[in-house]
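Peer 1:
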Amino acid sequence: MSAQRTRGLIGATLVVVVLGVAAACGTEDASSPPAAQPTQTVTSTPPTPSASPSGTPSTDCPETITAVRTATDKVVWGQGAATSKFNPVSVTICQYDAQATGQNYATITTKRMGKQATDLFALVNAAKPVAKKPSMCTKELGPTYVLRFTDNDRGVLSFTAESFGCHRLVATSLEGQGKPGTLPAPRQVTAELTKSLGLR
Numbered sequence: 299m300s301a302q303r304t305r306g307l308i309g310a311t312l313v314v315v316v317l318g319v320a321a322a323c324g325t326e327d328a329s330s331p332p333a334a335q336p337t338q339t340v341t342s343t344p345p346t347p348s349a350s351p352s353g354t355p356s357t358d359c360p361e362t363i364t365a366v367r368t369a370t371d372k373v374v375w376g377q378g379a380a381t382s383k384f385n386p387v388s389v390t391i392c393q394y395d396a397q398a399t400g401q402n403y404a405t406i407t408t409k410r411m412g413k414q415a416t417d418l419f420a421l422v423n424a425a426k427p428v429a430k431k432p433s434m435c436t437k438e439l440g441p442t443y444v445l446r447f448t449d450n451d452r453g454v455l456s457f458t459a460e461s462f463g464c465h466r467l468v469a470t471s472l473e474g475q476g477k478p479g480t481l482p483a484p485r486q487v488t489a490e491l492t493k494s495l496g497l498r
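Counting in our numbering, the sequence shown runs without a single skipped number right up to 498 at its last residue.
Structure below.
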């Protein structure tokens with residue numbers, strides 16, 4: 299047998315074997331479920347933190363820093379009562395971070411009852427009303443406080459106190475049945491009030 303014929307027979311044999319294996323695999327694939335494909339693992343770098351709100355809303359401190367600043371900016375300077383006749387029995391102090399913006403909520407909430415509440419209210423009342431909105435403001439940062447004084451009738455008198463910048467101390471709302479009336483006039487935070495607010 300010549301070498302050329304031998305090579306031809308070997309080639310034909312290989313073709314038959316390959317076709318037979320392919321046919322067998324095709325039959326097996328038809329009767330059994332397809333093999334599981336390897337899952338593709340996607341590796342990605344962790345997302346950079348977005349400006350998510352700090353603090354959480356609560357019934358005691360429900361407002362964002364944006365809402366607090368908006369209410370504070372709306373106050374008309376030179377109008378209002380020199381002192382408030384409100385008789386608080388408790389106060390909730392909502393403290394916002396110095397860097398708070400947008401939808402950030404108060405990060406620290408404290409409560410004072412009885413004499414502690416009336417003492418704090420006396421410091422608010424002791425600050426002298428200011429006729430014009432302060433124009434000389436410092437550039438330092440500091441916390442913003444919302445003081446929510448509550449009386450026996452569940453009335454709530456709210457003040458915003460800034461311990462930085464223009465040091466504004468303004469009454470923003472008086473809530474409760476029969477409570478709406480003249481709000482205390484805008485004034486500025488005193489050193490004594492700032493010191494008291496810093497106490498826990």
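Glycine included, C-beta positions come from ideal geometry on N, C-alpha and C.
None of the values given here were measured: they were computed from a predicted structure.
Between Val-468 and Val-389, how many whole angstroms is the CB-CB distance? I'm expecting something under 8 Å.
Peer 2: With a Cβ gap of about 16 Å, Val-468 and Val-389 do not count as contacting.
Peer 1: What is the DSSP secondary structure of Leu-495, counted as helix, strand or coil?
Peer 2: In this structure, Leu-495 counts as helix in the three-state DSSP scheme.
Peer 1: Among Leu-418, Phe-447, Thr-470 and Gly-376, which one has its Cα closest to the Cα of Thr-492?
Peer 2: Nearest option by C-alpha distance: Leu-418.
Peer 1: My output table needs one value for Phe-462: the three-state DSSP class, helix, strand or coil.
Peer 2: Three-state DSSP puts Phe-462 in coil, outside helix and strand.
Peer 1: Rounded to the nearest angstrom, what separates Ile-406 and Arg-446 at their Cα positions?
Peer 2: Answer to the nearest angstrom: the Cα atoms are 14 Å apart.
Peer 1: Out of Asp-358, Lys-430, Ala-379 and Gly-440, which has the shortest C-alpha to C-alpha gap to Leu-495?
Peer 2: That would be Gly-440, whose Cα lies nearest to the Cα of Leu-495.
Peer 1: I need the straight-line Cα distance from Asp-371 to Leu-481, nearest angstrom please.
Peer 2: Cα-Cα distance, rounded: 15 Å.
Peer 1: Between Gln-272 and Met-434, what straight-line distance do the alpha-carbon atoms span, to the nearest angstrom?
Peer 2: The chain is shown from 299 up to 498; residue 272 falls before or after that span and cannot be answered.
Peer 1: Taking the alpha-carbon positions, what's the Lys-431 to Trp-375 distance?
Peer 2: If you take the alpha carbons of Lys-431 and Trp-375, they lie about 6 Å apart.
Peer 1: Mind checking Ser-356: buried by the 16 CB within 10 Å criterion, or exposed?
Peer 2: Its Cβ having fewer than 16 others within 10 Å, Ser-356 is exposed.
Peer 1: In the DSSP assignment, what are the bridge partners of Cys-392?
Peer 2: Per DSSP, Thr-407 and Val-444.
Peer 1: Is the Cβ-Cβ distance between Asp-449 and Pro-386 less than 7 Å?
Peer 2: Cβ distance < 7 Å, so Asp-449 and Pro-386 count as in contact.
Peer 1: Here's the rule I'm using: 16 or more other beta-carbon atoms within 10 Å means buried, otherwise exposed. How should Glu-460 be labelled?
Peer 2: Counting Cβ neighbours within 10 Å, Glu-460 comes out buried, since at least 16 surround it.
Peer 1: Considering just the uninterrupted stretch of the alpha helix (DSSP H) at Asp-358, what are its terminal residues?
Peer 2: Counting along the chain, Asp-358 falls outside any alpha helix (DSSP H), and DSSP gives it neither H nor E.
Peer 1: Taking the alpha carbon of Met-411 as the reference point, which residue from Ala-396, Lys-477, Ile-391 and Gln-475 has its own alpha carbon closest?
Peer 2: Here the closest residue by C-alpha is Ile-391.
Peer 1: So, at 6 Å on beta carbons, what are the nonlocal neighbours of Asp-358 in its own chain, with the 5 sequence-adjacent residues on each side left out?
Peer 2: Around Asp-358: Thr-390 and Thr-407.
Peer 1: What first and last residue would you give for the alpha helix (DSSP H) that runs through Leu-421?
Peer 2: It spans 412-424 - the alpha helix (DSSP H) in which Leu-421 sits, taken as one unbroken run.
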